[in-house]
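Notes follow the structure.
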Amino acid sequence: MKESMRRRFSPLMMVLLAACQPGDGGRASAPVGDSATGVAGSPSPAPPPAASGGRTQLVLASTTSTEDSGLFDVLIPAFERAHPELAVRLIAVGTGQALELGRRRDADVLLVHAQASESAFVASGHGVRRCAVMYNDFVLIGPTSDPASVRGTRDPLEALRRIERSRSPFVSRGDDSGTHKKERELWEEARVEPRGVWYMETGQGMGEVLNIAAEKSAYTLTDRATFLVVKDHNPLEILVEGDKRLINQYGVIPVAGARNAAGAAAFATWITSREGQQLIADFGVATFGRPLFIPNASGCDGS
0 MKESMRRRFS
10 PLMMVLLAAC
20 QPGDGGRASA
30 PVGDSATGVA
40 GSPSPAPPPA
50 ASGGRTQLVL
60 ASTTSTEDSG
70 LFDVLIPAFE
80 RAHPELAVRL
90 IAVGTGQALE
100 LGRRRDADVL
110 LVHAQASESA
120 FVASGHGVRR
130 CAVMYNDFVL
140 IGPTSDPASV
150 RGTRDPLEAL
160 RRIERSRSPF
170 VSRGDDSGTH
180 KKERELWEEA
190 RVEPRGVWYM
200 ETGQGMGEVL
210 NIAAEKSAYT
220 LTDRATFLVV
230 KDHNPLEILV
240 EGDKRLINQY
250 GVIPVAGARN
260 AAGAAAFATW
270 ITSREGQQLI
280 ADFGVATFGR
290 PLFIPNASGC
300 DGS
């Protein structure tokens with residue numbers, strides 16, 4: 000089995016990566032393959048770098064929560080078997096950082112989870128189209144002692160108000176990720192501005208935040224998939240779940256003017272195909288008795 004070329008970048012490493020990249024290059028002035036779009040008259044991007052074995056590198060920017068769940072351990076090898084001419088390089092960061100990589104064309108294709116930001120990305124010409132891929136949900140977790148008394152309420156807004164009123168510890172990703180965007184959206188809807196020593200912003204990925212929340216017996220918002228993967232080693236428990244505001248939708252976006260536009264189009268097509276969707280539907284069932292993500296590929300925006 001061919002191994003994907005993976006590397007996770009911290010925010011500092013992201014700065015170093017941007018500094019080491021060749022010039023922005025501009026968007027392609029004409030379509031590449033069947034999907035790339037760009038600004039007329041702008042220079043074409045540099046060709047994608049070659050990978051080992053004569054394969055072409057495809058840079059996929061996605062989320063730490065998706066990586067932490069283990070989903071890419073299944074999806075990337077399967078995609079590379081279906082497309083042996085491609086070698087995937089995965090960059091796992093927050094959704095905001097992944098979108099920025101797309102704007103800079105330092106990634107070819109994105110798999111992220113902040114639908115409003117994704118739609119704006121496509122509408123501004125940075126993405127070719129956005130296609131729904133899968134969803135799961137966010138859950139509010141916390142210590143068994145539940146000092147804010149949120150257990151039993153299905154309303155995440157009321158839960159956040161109780162946490163703020165009780166000044167119970169809350170750990171935020173604070174990294175402009177999809178999870179952080181959802182958390183900030185919920186605080187805003189609850190008409191609460193979280194601040195003070197009880198509210199900790201970490202700038203870390205989902206796995207690290209779960210560890211910090213466990214160490215501090217704090218509340219946090221997480222996607223269900225990542226929590227299920229670590230829950231046997233984490234004393235926190237799910238306290239609030241099930242509200243429609245906690246749906247966590249993922250989308251795939253080929254980047255406009257990407258260095259590997261053909262590969263980006265191939266990945267977007269494959270992950271929304273019957274094969275890709277079935278792998279998503281099966282992921283987690285053997286271990287947890289339920290899928291960690293629900294496939295829901297449907298029509299695309301912006302195509």
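Residue numbers (numbering that gives the first Met the number 0): 0 to 302.
Just so it is clear, CB atoms sit at the ideal spot from N, CA and C, and this is done for glycine as well.
From a predicted model like this one, the values you see are computed outputs, not experimental measurements.
Residue i and residue j closer than 8 Å at C-beta
i, j, result
"Asp242", "Arg153", "yes"
"Leu235", "Ile140", "yes"
"Ala113", "Gly204", "no"
"Thr219", "Phe169", "yes"
"Arg128", "Pro253", "yes"
"Gly124", "Ala255", "yes"
"Arg303", "Leu291", "In this structure the chain extends from 0 to 302, so residue 303 is not present and cannot be described."
"Leu85", "Ala265", "yes"
"Val121", "Ala296", "no"
"Ala115", "Leu156", "no"
Sequence-distant residues of its chain with Cβ nearer than 6 Å to residue i (five each side left out)
i, result
"Met12", "At Met12 the pLDDT is 36, less than 50, meaning the model places this residue with poor confidence; the figure from the coordinates comes in the next sentence. There are no such residues."
"Val149", "Ala158, Arg161, Leu238, Val239"
"Tyr198", "Phe169"
"Gly298", "none"
Cross-strand partners of residue i (DSSP beta bridge)
i, result
"Ala60", "Ile90, Leu109"
"Val121", "According to DSSP, which records beta bridges pairwise, Val121 is partnered with nothing at all."
"Asn247", "Asn135"
Assumed close pair residue i, residue j - CB separation to whole angstroms, cut-off 8 Å
i, j, result
"Gly173", "Glu192", "Incorrect: roughly 14 Å between the Cβ atoms, too far for contact."
"Asn233", "Asp136", "Going by Cβ atoms, the distance from Asn233 to Asp136 rounds to 18 Å, so no, they are not a contact pair."
Close-in-space but distant-in-sequence residues of the same chain around residue i (CB under 7 Å, 5 per side omitted)
i, result
"Leu100", "Ala60, Ile90, Ala106"
"Gly53", "none"
"Ala213", "Asn233, Pro234, Leu235"
"Ser118", "Arg129, Asp300"
Identity of the residue in the options nearest residue i by Cα
i, options, result
"Val73", "Phe292, Cys299, Pro290, Ile279", "Ile279"
"Glu66", "Cys130, Arg88, Arg244", "Arg88"
"Ser165", "Arg194, Glu182, Val58", "Arg194"
"Glu79", "Arg102, Ser167, Gly262", "Gly262"
"Val251", "Val92, Gly126, Gly69", "Gly126"
"Phe282", "Leu209, Phe71, Thr55, Val58", "Phe71"
8 Å Cβ shell around residue i - same chain, five flanking residues per side excluded
i, result
"Phe287", "Leu227"
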